[in-house]
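Residues in the sequence shown are numbered from 1 upward in steps of one, following UniProt numbering. In this text, a Cβ means the ideal position worked out from N, Cα and C, and glycines have one as well. None of the values given here were measured: they were computed from a predicted structure. For reference, the structure discussed in these notes is given below.
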Amino acid sequence: MSMNPRRHLIIIKGKELTDQVTRIERTAGRMAVTYVGGKTYRYASGNVEWLSNPERIPTGDSRVFVQGAQLADIDDVLHFGKWVKLFHKSGEQRLCLFSDLDVQQAEPSSGRSQDVLAYFRELAEGSPLRSIDDQSLMAMKYRHLKQGATRSILSSFLEARFPGSAKRLPLDLIFPFGCNMSQKMAVQRAMQHPVSVIQGPPGTGKTQTILNLIANLLLQNKRIAVVSNNNSATANVLEKLQKYELDFMAAFLGSNENKEAFIEAQSDGRVQLPMLQPDEEAAAREEILRLNSELDKAFAEQNDLAAVIEQLDALRLEMVHFEQFYEETRGRSLKATEGSFKPKASAKKLLNYWLACEEEMKRQAVERSPSGNRAGFLEKIRFLLRFGLAGRVLFALTVEERIALLQRAYYLRSIADLEARRKGLEASLAGFRFEERLERLTELSMQLLRHRLAGNYNNRARKRFTLDDLRREPKAFLDEYPVILSTTFSVITSLKSGYLFDCVIVDEASQVDLLSGVLAMGCAWKLVVVGDPMQLPNVMTGQDIKRASEVALRYDVPEHCRFERHSLLSAVRAAFPELPETLLREHYRCHPKIIQFCNRKFYGGELLIMTRDHGEPEVLKAIVTVEGRHARGTINQRQIDEITQQVLPELRSVNPDDIGIVSPFRKQADLMQSTLGPEEIEVDTVHKYQGREKRVIVISTVANDANEFVDNPNLLNVAVSRAQERLWLVVSTEMAEGSGNVADLVRYIRYNNGEVLPGKARSVFDLLYRDYAAVRREMLKKGKRVSRYDSENLVHGVIESVLQEKQGLGVVFQLPLSMLVRNTDGLSPEEAAYATHPWTHVDFVIYRTIDNSPVLAVEVDGYAFHREGTRQAERDALKDAVLAKCGLPILRLSTIGSDEQNRISKKLDEVTM
1 MSMNPRRHLI IIKGKELTDQ VTRIERTAGR MAVTYVGGKT YRYASGNVEW
51 LSNPERIPTG DSRVFVQGAQ LADIDDVLHF GKWVKLFHKS GEQRLCLFSD
101 LDVQQAEPSS GRSQDVLAYF RELAEGSPLR SIDDQSLMAM KYRHLKQGAT
151 RSILSSFLEA RFPGSAKRLP LDLIFPFGCN MSQKMAVQRA MQHPVSVIQG
201 PPGTGKTQTI LNLIANLLLQ NKRIAVVSNN NSATANVLEK LQKYELDFMA
251 AFLGSNENKE AFIEAQSDGR VQLPMLQPDE EAAAREEILR LNSELDKAFA
301 EQNDLAAVIE QLDALRLEMV HFEQFYEETR GRSLKATEGS FKPKASAKKL
351 LNYWLACEEE MKRQAVERSP SGNRAGFLEK IRFLLRFGLA GRVLFALTVE
401 ERIALLQRAY YLRSIADLEA RRKGLEASLA GFRFEERLER LTELSMQLLR
451 HRLAGNYNNR ARKRFTLDDL RREPKAFLDE YPVILSTTFS VITSLKSGYL
501 FDCVIVDEAS QVDLLSGVLA MGCAWKLVVV GDPMQLPNVM TGQDIKRASE
551 VALRYDVPEH CRFERHSLLS AVRAAFPELP ETLLREHYRC HPKIIQFCNR
601 KFYGGELLIM TRDHGEPEVL KAIVTVEGRH ARGTINQRQI DEITQQVLPE
651 LRSVNPDDIG IVSPFRKQAD LMQSTLGPEE IEVDTVHKYQ GREKRVIVIS
701 TVANDANEFV DNPNLLNVAV SRAQERLWLV VSTEMAEGSG NVADLVRYIR
751 YNNGEVLPGK ARSVFDLLYR DYAAVRREML KKGKRVSRYD SENLVHGVIE
801 SVLQEKQGLG VVFQLPLSML VRNTDGLSPE EAAYATHPWT HVDFVIYRTI
851 DNSPVLAVEV DGYAFHREGT RQAERDALKD AVLAKCGLPI LRLSTIGSDE
901 QNRISKKLDE VTM
């Protein structure tokens, strides 16, 4: 058990490690520190700060600031000498210097919520949305935010106080629109909790999830509002309801124009829905309950199958690059020996023998034995015992050649194992009749929903309402139309002011600004926020940001309420860090090669790709324009010429309606559209294409160089994920060969087409070395250690910590330098000999996960072993020279240094920007 963080503060080499330490003692001028797990290390006293018995700083009725930023929900502040430790009510802890802390007595007020609401009202007065007589339309909406706000989710949001606890989950959840594992989990959490977030990356079925949530709320006789920042997202929900002939229960309201159109279009025609007999209803509920339980296991297998297929595709692609590497470095193919070397050993045993071969190479290096030694008699016996007759192939090979053959055998065995796993899962799902049972659950769920609605609508004429009835009789109106569709801006005036819906569902919440979002929260007993932080946010001008910052200075505004810093999605996540959040993982829209870029680059590999790669040609293509700065402002005529003269002729077999051309800039889109003509292919900005899709998407990047707008990760994520079957990119040479997100897309396209990346450094073999690392850790029998040296183990942990904050990067350790060097033409004889020596390794290589290309080498240097004048220092200089000529930056960390995490993070920012 670690030491009590409220009684002790332990800082080792500038890093607080209190929660990792179980005991600390001063012995003979050194500090003996025992970590969780039982390992004890001794440090020089100067490297360890151990402070105890802190002084409590009172913060009641006070505001707490650190470096000028106000902190919310502070539970305790403890003063340890020059340090202060702050404890949040959420359990989060923060350490700062006492000199950076400021505790101010709060001025008397009627409460934070009222102050913050006044802040939003003042912002609303300055909103650019104006009436004919120059009145703020937003401010008019805020005048309707009255007594209901104190009982709504808004009250909890303003105070950053999570509203209540989870309710018991209904047993008879229905899924009339189909579902998968994460969609089902999202509905369950939304039904249980007063506030929940559903992250819906592209193509994961968020509208389907919203419809299933609506169905379950209707089953409980709830009244629902579905809102978004514009009418297109809510219109999509209405369109799906129309498809299932359920739109009779929904009213598209919001603006006065929409309300008038709805009132005018009302019909008094009867609705007649099929009803179930009491015994049929009971049987349906019982079967739904059983199917829900049975399908949970099948959904898990379905997701396992998707993960296995993804691993297979990745292994096969990496093996292609591995074989290219071998042919380039050895001048011959490994496939030549494949026919006779087919060991039956497991992948793990192959890795174990690879490690044994490395130990043999190390022994030869120490004894200065020739590295080309063939196997002796005893070793031949071991080959036969390990691999049977297949081991004879290894007799005449050097140790290096054996390792290469074992590495390829590892790939083949891993692929064979995954194929067996794939077939087993497919057989299990087929035997379970997965699709048939899911269809049955959908069918029964729809029957139960229609039966529930039939009780409200059958055998009576529809009631007709006037515009005044929306305000005077909201309950009667919602009895007839329990689903209201609106914008976030107008939902508060769709019915009577202050009316609270049982549930407000906010779609595309990353695009909902906080001023509008507050209005929606003021109408909600329950709030479900649906969005994707990696989609495009709401657009805010520099003037908007400046004015909001100035207004905030006049109020006690907590961070989560800052209009200029948050969309509704990010604000709710900041206000309620403990809220249940579900990522919709299963992706159904794009070809695997297309969405895998977004998955690795923007979603941390969390998506499960349910589409399949059937080897379709030219799924990905990059057209790099000739060198020259062709962009003029936000127009690039050269890229328009490339698209009209090269790209579109190659796509002539595709229906023009199935092709979309997107650009970050309106002027480029308009010029392209005028070039093609209005009846041809649709051209628009990326922002306008959000929420849409095409079989083929062509991206025109326009700019000469990457900049914050063109290279924005959200913009690129949206642009790429619009493409279902093909994605073609038109990009400048300067941007393609530079750094940034677009350059990463070019690298990814080349890697996935099996081409060798230009440049001097080779891609790392991530999957091969990931499993190698696990086996090496096991062999060393030192827990999670990746090296014999403590310093390297600590750095490995620091790197992994840094990479959690960086998108699209991974790390391998102890990578042979020869695997990074594409060729030795530019190296001196001494450098070439050193680079190709089989025992020359790089401690850590940080790489891009989208194409395994290296971005930074990290070396850990022991002070005594690597000091100037030693033989190791000479080797270090050789390694530095080789890596420099390969174009790969290197960061050297001394074992007597400090602030490693910050140094690694800054260096990564430097080399990837």
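- Distance from the CA of V720 to the CA of W839, rounded to the nearest whole angstrom, comes to 42 Å.
- For P474, the uninterrupted alpha helix (DSSP H) run begins and ends at 474–480, by DSSP.
- Where Q814 is concerned, there is no enclosing alpha helix (DSSP H), although the beta strand (DSSP E) around it starts and stops at 809–816.
- Remark: C-beta atoms of V746 and Q901 do not approach each other more closely than 8 Å.
- In this structure, the CA atom of P664 is about 8 Å from the CA atom of V702.
- Look at the stretch 123–164 and you find these whole runs of alpha helix (DSSP H), each 4 residues long or longer: 137–142, 153–159.
- According to the DSSP secondary-structure assignment, A736 is paired through a beta bridge with no residue.
- Annotation for L425: the continuous alpha helix (DSSP H) segment containing it runs 399–432.
- Two segments are said to touch when three or more pairs of C-beta atoms, one from each, lie closer than 8 Å; by this definition the stretch 528–535 touches the stretch 711–725.
- The DSSP-derived three-state label of V518 is helix.
- Secondary structure in the UniProt domain "DNA2/NAM7 helicase-like C-terminal" (574–732): the alpha helix (DSSP H) runs of 4 residues or longer, each lying completely within the stretch, are 592–602, 637–642, 666–676, 686–689, 713–720 in chain order.
- Between the alpha carbons of P163 and R316 lies a gap of roughly 49 Å.
- Three or more beta-carbon pairs separated by less than 8 Å are not found between the stretch 563–572 and the stretch 735–745, which leaves the two stretches without contact.
- Residue pairing from DSSP leaves L827 without any beta-bridge partner.
- Around the C-beta of N538, 16 or more other C-beta atoms lie within 10 Å, and the residue is accordingly described as buried.
- Here the C-alpha atom of A427 lies approximately 17 Å from the C-alpha atom of D296.
- Taking the CA atoms as reference points, D479 sits about 31 Å from D513.
- Each residue's CA atom was taken as its position, placing F432 and M249 some 36 Å apart.
- Secondary structure note for V557: it is in no alpha helix (DSSP H), with a DSSP letter that is neither H nor E.
- By the Cβ test, the stretch 271–291 is in contact with the stretch 438–453, since at least three Cβ pairs between them sit closer than 8 Å.
- Short of 8 Å from the beta carbon of L384, and not among the five residues preceding or following it, lie these beta carbons of its own chain, in chain order: G391, R392.
- DSSP places Q93 within a strand segment (E or B) once states are collapsed to three.
- With a cutoff of 8 Å on beta-carbon distance, D507 and A233 are scored as near each other.
- Ranked by how close their Cα comes to the Cα of L101, the residues W83, K879, S763, G91 have W83 in first place.
- The beta carbon of F489 sits closer than 7 Å to the beta carbons of K141, S516, L519 from its chain, once the five residues preceding and following it are set aside; these are given in chain order.
- Per DSSP, the beta-bridge partners of I10 are W50.
- A884 sits exposed, since fewer than 16 C-beta atoms from the chains shown fall within 10 Å of its C-beta.
- Burial is judged here by how many other beta carbons sit within 10 angstroms of a residue's own beta carbon; G46 has fewer than 16 and is exposed.
- In the structure shown, Y35 falls within a strand segment according to DSSP collapsed to helix, strand and coil.
- Taken through DSSP and simplified to helix, strand or coil, W83 comes out as strand.
- Assigned with DSSP and collapsed to three states, R26 falls in strand.
- Put simply, the stretch 761–772 touches the stretch 312–326. At least three CB pairs are less than 8 Å apart.
- With distances taken between CA atoms, L238 lies nearest to F252 out of F252, N229, N230, S228.
- Here the C-alpha atom of G203 lies approximately 16 Å from the C-alpha atom of K184.
- For T40, the enclosing beta strand (DSSP E) has its first and last residue at 40–44.
- In terms of CA proximity to L123, M138 leads the group M138, S131, I132, R130.
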